[in-house]
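*Asks:*
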Amino acid sequence: MTGYSTTPLAKKLGLKDGQRVAWINRPAAHNPLTTSRAFILVDDATPDHLSGPYDVIHMFTDDRATLETVLPILLANLDRDGMIWISWPKKASKVPTDMSEDMIRNAALKTTLVDVKVCAVDRIWSGLKLVIRKEHRATRPLP
3 MTGYSTTPLA
13 KKLGLKDGQR
23 VAWINRPAAH
33 NPLTTSRAFI
43 LVDDATPDHL
53 SGPYDVIHMF
63 TDDRATLETV
73 LPILLANLDR
83 DGMIWISWPK
93 KASKVPTDMS
103 EDMIRNAALK
113 TTLVDVKVCA
123 VDRIWSGLKL
133 VIRKEHRATR
143 PLP
C-alpha cells in the first residue's frame, strides 16, 4: 500500500514474546497478529469476559458509547505496565463511526490512562495506544 509504513504491524503495536494479550472485536484480516509472537496467553474476549491482568488489550470499535462504557473494564484488567490499543475507523474509510482520536484521548484522560502513540493499523483502522500514567503505576497492585 502506497504511503503506509513497511514496519510490521506487530512491531508497531509493541507486541513481544511472553506477553498476555486480549483482543476484542479483532477484524479477521488481523487474525495473524495472534500468532505473530510467542505469547503466553491469547484471549479473544468481550469486555465482560476478560480474565486479566493483560500486558496488551487491543479493542476495535466504531462506537463511542461502547468505548466509554468498557474503558474502565479494560483498565481494571490491565497490568500496571501494560498497554491498551483502541482502534477506530479512519474518516477516509467511510465506515460509519462516531469515534475520533480526540474522543478516545478525552475518555482516557478521565481515567488514569494517557495516550502515548498513534498508528495506522491498516487502510481502515487507526489505533491509539494508552498506558497508565507513571504516577499511578506505583500504587497499582502487581498481578
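With the working numbering applied, the sequence shown covers 3 to 145. All C-beta atoms in this analysis are idealised placements derived from N, C-alpha and C, irrespective of residue type, glycine included. On a predicted model such as this, the values are computed, not experimentally measured, just so you know.
#1: To the nearest angstrom, how far is the alpha carbon of Ala-122 from that of Gly-129?
#2: Which whole-angstrom value is the C-beta distance of Val-97 and Asp-64, which I expect to be below 8 Å?
#3: For a test of the three-state rule: what should DSSP assign to Asp-64, helix, strand or coil?
#4: Evaluate the contact criterion for the segment 40–52 versus the segment 131–140: three or more CB pairs, one atom per stretch, below 8 Å.
#5: So, are the CB atoms of Ile-86 and Leu-111 less than 8 Å apart?
#6: Taking Leu-11 as part of the alpha helix (DSSP H), name the residues at either end of that continuous run.
#7: Decide if His-60 is buried, meaning its Cβ has at least 16 other Cβ atoms within 10 Å, or exposed.
#8: Quick check on the DSSP output: the alpha helix (DSSP H) that includes Met-105 runs from which residue to which?
#9: Since Leu-52 contacts Asn-79 with CB under 8 Å, what's their CB separation in whole angstroms?
#10: Since Lys-18 is in the beta strand (DSSP E), which residue starts that stretch and which ends it?
#11: CB Ser-102 to CB Ile-126, shorter than 8 Å?
#12: Give me the DSSP bridge partner(s) of Ile-86.
#13: DSSP beta-bridge partners for Asp-46?
#14: Helix, strand or coil: how does DSSP classify Val-72 here?
#15: Looking only at C-alpha atoms, which of Arg-22, Pro-49, Val-118 and Asp-50 sits nearest to Ser-38?
*Replies:* Straight from the coordinates:
#1: 6 Å
#2: Confirmed, about 6 Å.
#3: coil
#4: no
#5: The Cβ atoms of Ile-86 and Leu-111 do not sit closer than 8 Å to each other.
#6: 11–14
#7: Buried, because 16 or more other Cβ atoms sit within 10 Å of the Cβ of His-60.
#8: 103–111
#9: 4 Å
#10: Unbroken run through Lys-18: none, as it is neither H nor E.
#11: no
#12: Answer by DSSP bridge pairing, in chain order: Ile-59 and Leu-132.
#13: According to DSSP, which records beta bridges pairwise, Asp-46 is partnered with Trp-25.
#14: helix
#15: Arg-22
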